[in-house]
Every structure is written in C-alpha cells, then in structure tokens.
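Residue numbers (our numbering): 14 to 312.
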C-alpha cells in the first residue's frame with residue numbers, strides 16, 4: 014500500500030514539474046515585440062475610430078492613466094472609459110483625431126509584466142499635429158493578450174508653454190501597507206534629494222543599469238544608467254518636490270507607482286508641475302527605477 018501511495022505521489026510531482034516547465038517555456042518563448050505591436054495596433058485602430066468603450070477595454074479594471082491632459086491620475090476602468098469619451102466628445106480638440114505610435118523599447122520584466130516606451134503624435138483631419146510626446150507604459154500578459162496596467166504618456170514641451178507664477182503645494186502622499194511600499198518612498202525621497210543637491214552620481218544610482226528614462230524635457234528616450242547620468246540637467250535654483258498618489262506591487266519584485274511633481278525656479282519664483290508613473294525593481298532593501306516616465310501637465 015505504501016509503495017502504491019509513493020508511486021502516486023511521485024507521479025503527481027512529475028506532472029506538476031512537467032506543467033511548471035511547460036509554463037516556463039511559454040514565458041521564455043513570449044515575443045515581447047510582437048505582443049507590444051499587437052497592443053499598439055489595436056490602440057491605434059480604436060483611437061482612430063473614436064471608440065471609447067472598446068479602447069477602455071484595452072486596460073485592466075484597476076489600470077491607471079497618467080497623462081498630460083489631466084491634473085491627476087485616472088484610476089479604474091470606468092474613469093478610463095469616461096476619459097476617452099471626453100477626448101472624443103464634440104467639444105474636444107481631439108475629436109476625429111488620428112494617432113500614430115512609434116515603439117522604441119520593449120521588455121518583459123517578469124513572466125506576466127511587459128514594459129515599453131516610445132513616441133506618439135496626434136493629428137487632425139488635415140494632418141496638422143495637435144500633440145506629440147513620449148510614453149512609457151506597463152502591461153499585463155494574460156490569456157495570450159496584453160492589457161494596460163499603467164499608461165504614462167506626456168506631451169513634449171512647446172515653445173508657447175508658459176511658466177506659472179502660482180506656487181502650488183502638492184497633496185499629501187498616499188500611504189500604503191502593501192509590500193515594499195517603504196522602499197518606493199525611500200526611492201522618491203532619494204530622487205528629490207539628488208535633484209535638489211545636484212548630485213548626479215547619487216541620482217543615477219537610483220536607476221537599474223539598463224533603465225529607461227522617458228521625460229518630457231529631454232529629447233527622445235534615454236536608455237542606460239550612464240546615459241541617464243550624462244543627460245541630467247541639474248540647474249541651480251530649481252527645487253523639485255513630488256508625492257505618491259498610488260502604488261501596486263505586481264509580484265516578481267516589480268512595482269509600479271505614480272504621483273505628481275512640481276519644480277520651482279527660485280530665481281524668478283515660477284513653477285511648472287506634472288505627473289509621473291514609474292516602474293521599480295526591488296532588490297534586497299532598495300527599489301531601483303526600471304523605467305521613469307514623467308511629464309508636464311498641459312495647460
């Protein structure tokens with residue numbers, strides 16, 4: 014009887030190991046670029062047709078949009094659907110607009126999380142550019158398809174953009190007991206300190222070695238810690254502040270967080286403000302930036 018039980022247990026273990034190996038093989042064989050292309054093609058088609066309900070279906074129910082045209086994050090499926098409905102409404106400048114997207118970076122950061130970065134352009138019926146900018150998004154892979162977990166898209170600075178003399182105080186940061194949130198807090202605090210102390214070395218070490226930086230004041234997407242450090246613009250008199258408005262631990266040492274930021278120029282008392290939506294990798298007691306995506310709020 015013991016022999017039969019032992020054989021049964023061994024068979025069960027072999028089946029579990031076999032299934033696990035097959036699952037790992039599928040993950041290893043995922044084509045990140047193909048998945049990203051499929052998602053992007055679907056987004057473009059639905060945007061260009063002005064189909065807000067279908068477009069919101071490209072997002073998970075708990076997804077977040079962090080975009081230039083909103084003062085704060087857009088959280089959850091219903092809010093996301095309403096945001097697209099507003100974009101395509103009769104009184105919107107973007108009604109009947111067409112979007113084009115270029116993918117510059119694509120990575121699988123875990124067996125079910127995909128990140129990507131690139132550029133976008135929104136044009137009217139006469140092919141006149143209404144908006145252009147950069148994006149750095151996070152997607153969940155499930156059942157053979159990817160859906161947005163976080164859209165972080167920000168328009169480029171324009172020569173017509175003006176600075177504000179209104180000094181804005183940020184809302185108090187969100188607080189969470191979720192796993193690793195304290196490490197995200199430390200990362201954001203370290204980023205603020207690095208910028209305000211003009212510490213390029215310390216600031217660059219907050220990023221992983223092959224991190225992606227996608228911020229609106231820089232040209233293009235910057236890849237790699239050394240390149241990020243070389244492209245830093247730590248201007249005297251600028252004071253950065255930032256808060257955290259949301260956080261999710263995605264498993265496999267990957268987290269996403271988002272919030273607002275302000276930059277005060279103390280030489281002339283003018284301020285710009287914006288939003289950020291970033292991806293972090295947890296290593297030991299530190300949260301490192303895998304992708305930073307931030308931009309100014311459009312006026």
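Think of the CB as a built atom: it goes at the ideal place given N, C-alpha and C, for glycine as much as any other residue.
Item to complete: Evaluate contact between the segment 199-213 and the segment 125-137, counting only Cβ atoms and requiring at least three cross-stretch pairs below 8 Å.
Response: Because the criterion of three Cβ pairs below 8 Å is not met, the segment 199-213 and the segment 125-137 do not touch.
Item to complete: Use the C-beta contact count for residue 305: other C-beta atoms within 10 angstroms, 16 or more gives buried, fewer gives exposed.
Response: The residue is buried, with at least 16 neighbouring Cβ atoms inside 10 Å.
Fill in: Span separating the alpha-carbon of residue 51 from that of residue 71
Answer to the nearest angstrom: the Cα atoms are 11 Å apart.
Worksheet entry | Ordered list of beta strand (DSSP E) runs contained in the segment 128-166, each at least 3 residues | For the segment 128-166, whole beta strand (DSSP E) runs of length 3 or above, ordered along the chain, are 142-155.
Discussion item. With a threshold of 8 Å on Cβ separation, who are the neighbours of residue 205 within its own chain once the five nearest residues in sequence on each side are excluded?
Written reply: Contacts found: 253, 254 and 255.
Item to complete: Have a look at the DSSP bridge pairing and note the partners of residue 296.
Response: Partner(s): 299.
Practice prompt. Would you mind reading off the limits of the alpha helix (DSSP H) that contains residue 201?
Written response: For residue 201, the uninterrupted alpha helix (DSSP H) run begins and ends at 194-209, by DSSP.
Worksheet item: Quick one: is residue 188 buried, meaning 16 or more other Cβ sit within 10 Å of its Cβ, or exposed?
Response: By the neighbour-count criterion, in which 16 or more other beta carbons inside 10 Å mark a residue as buried, residue 188 falls on the exposed side.
Worksheet item: Just how far apart, CA to CA, sit residue 317 and residue 148?
Response: Residue 317 falls outside the range modelled here, since the chain spans only 14 to 312, and no answer is possible.
Worksheet item: In chain order, what residues of the same chain have a beta carbon less than 7 Å from the beta carbon of residue 30, not counting five sequence neighbours either side?
Response: Confidence is the limiting factor: at residue 30 the pLDDT is only 39, short of 50, which leaves the residue's position unreliable and the question unanswerable from this model.
Worksheet item: In three-state DSSP terms, what is residue 34?
Response: Bear in mind that a pLDDT of 41 at residue 34, under 50, signals an unreliable position, so the number given afterwards is only what the model happens to contain. Helix, per DSSP.
Item to complete: With DSSP as the reference, please indicate the residues paired to residue 121 in a beta bridge.
Response: Note: residue 121 sits in a beta bridge opposite 127.
Worksheet item: What's the call for residue 61, buried or exposed, on a 16-neighbour Cβ count within 10 Å?
Response: With fewer than 16 other Cβ atoms within 10 Å, it is exposed.
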